[in-house]
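Counting from 11, one number per residue, gives the positions in the sequence shown under our numbering. We put the beta carbon where it would ideally sit given N, CA and C, even for glycine. Small disclaimer: the values here were computed from a predicted structure and weren't measured. Below is one structure; the comments refer to it alone.
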Amino acid sequence: MLIAALSIVLGAVGIIRYGRFPFAKTSQEERGVLVTKVIDGDTIEIAGGRKVRYIGIDAPESLDPRKTVQCFGEEAYKKNKELVEGKRVRLEKDVSETDKYGRLLRYVYVGDIFVNRYLIREGYAYAYTFPPDIKYAEEFVQAQKKAREEKKGLWAVCPSPIPSTSTDFDLSLGEGACIGIQETENYVGRHKCVVGRVYQVFTSLSNTTFLDFCEDYRTCPFSVVVFSSDLPNFPNIKQYQGRVVEIEGLIRAYRGRTEIVLVSPDQIKILK
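Have a look at this one:
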C-alpha cells in the first residue's frame, strides 16, 4: 500500500516537472525561435521560413523595391536588425493568427526587451492598432506620445503628422461627450464621438475615400476612411465637404495618426 501511494506521488511529481499537464506546456514560439532574416522595420523571417509581422506598429518603408523609401525607413530597418537578427526571440499571439499575406502576427521579445514597444518608444515606428489585436494598444500609444514629446528618432527628423490646430466651432454641437480631433489619440481602441470640420473628401485610385479634417491632410492628426466595399452605402459622400460633422466609431491608430472607419451612414451626422 505504501509503495503504491509512493508511486502515485512520484508519478505526479514527474508529470508536473516534465510538463505533461496542459497548463505546464509552452509552445515553441514561447520558448524561442531563431530570427534568420530581418525584412524591414516591422517584419522578420524565422527558422522554417515563416514571416512574422509585428503587431501594433508600423515602421516607415525601407527596402521594398515596389515602394518609395520613407523618412527614417532605413534607420528603422537597421535598428530592428540590430535587435533581433541571428537571435532567439519569444513570440506572443493576440487574437489573429496571420494577416492577409499569410504572415504570423505577433508581439516579439528578445531578452528583456519588448521589441514592438521599444521601436515605438525610441521613435523607429508608429503605433498602429487594428482590431481585434489591441492587447497593448494603450501602452503603444503612450509610448508614441513620449517618443514624440522627446523628439526621438523619426519625430526629430520627419515631418510631424500631428500639429496643433484650432477649431472654428464649438464641440458642444455634438451629442454627449464628443471630443475634438486633437484628443483622439487618448482614446485609441475605444468607441467615441468625434466632432470636426471636413475640409476635403478625397477618393483614391483604389476607390478608398478619405474625409480630411485639416486643410493639409499630410499633417492632420485624424481622418475618416470609407473603403470601396462600403462606398455604396454613401451615395452622396461629397455632401460632408466643408461641413462640421459628428463621427461615431472605433478610434484606431495608423502611422502616427488616428482614424475611424465608416461602414454605415448612421455613423456620421452633419451638425453645421
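What does a CB cutoff of less than 7 Å around residue i pick up in its chain, not counting 5 residues either side in sequence?
i, result
"P275", "N243 and F244"
"V211", "T219, L221, I247, K248, Y250 and Q251"
"P32", "Because P32 sits at a pLDDT of 42, beneath the cut-off of 50, its placement in the model cannot be relied upon, and the following sentence gives the value as read from the coordinates. Within the same chain, P32 has no close Cβ partners at all."
Output the distance between the C-alpha atoms of residue i and residue j, rounded to the nearest integer angstrom.
i, j, result
"R207", "E269", "14 Å"
"P168", "G112", "It is Cys, not Pro, that sits at residue 168 in the sequence shown. Using only the alpha carbons, I get a separation of about 31 Å."
"A263", "F140", "7 Å"
"L101", "E195", "27 Å"
"I67", "I54", "13 Å"
"V105", "G59", "22 Å"
"V118", "H201", "28 Å"
"Y64", "L115", "6 Å"
"V205", "A69", "29 Å"
"F223", "E193", "13 Å"
"S238", "L272", "11 Å"
Can you name the start and end residues of the beta strand (DSSP E) that residue i belongs to?
i, result
"V105", "That residue, V105, is in no beta strand (DSSP E); it is neither H nor E in DSSP."
"E195", "Counting along the chain, E195 falls outside any beta strand (DSSP E), and DSSP gives it neither H nor E."
"G83", "Segment G83 to V94 is the alpha helix (DSSP H) holding G83; no beta strand (DSSP E) there."
"E55", "T53 to I56"
"V167", "Counting along the chain, V167 falls outside any beta strand (DSSP E), though it belongs to the alpha helix (DSSP H) covering L164 to V167."
"Q210", "Q210 to T213"
Considering only C-alpha positions, which residue in the set the options is nearest to residue i?
i, options, result
"K89", "A57, S233, G51 and S106", "G51"
"E71", "R63, Q80, I65 and S37", "Q80"
"G96", "F124, V125, K47 and Y227", "K47"
"Y146", "F124, K162, E160 and A157", "F124"
"S37", "V99, L93, I189 and G83", "V99"
By Cβ distance below 6 Å, which residues in the same chain neighbour residue i in space, the five residues on each side in sequence not counted?
i, result
"G259", "I270 and Q277"
"G133", "A157, K162, G163, L164 and W165"
Can you list, in chain order, the residues of its chain with a C-beta nearer than 8 Å to that of residue i? Leave out the 5 residues immediately preceding and following it.
i, result
"A153", "R127, I130, R131 and A137"
"E40", "R100, L101 and E102"
Relative to the ligand HEM, is the shortest distance from any of its heavy atoms to the C-beta of residue i smaller than 8 Å?
i, result
"A147", "Only the bare structure without any ligand can be found here, which leaves the ligand HEM out of the picture."
Would you mind listing the beta strand (DSSP E) stretches within the stretch 102-157 that are 3+ residues and don't spill past its ends, in chain order? 114-120
Segments assigned alpha helix (DSSP H), at least 4 residues, entirely inside the stretch 238-275: none
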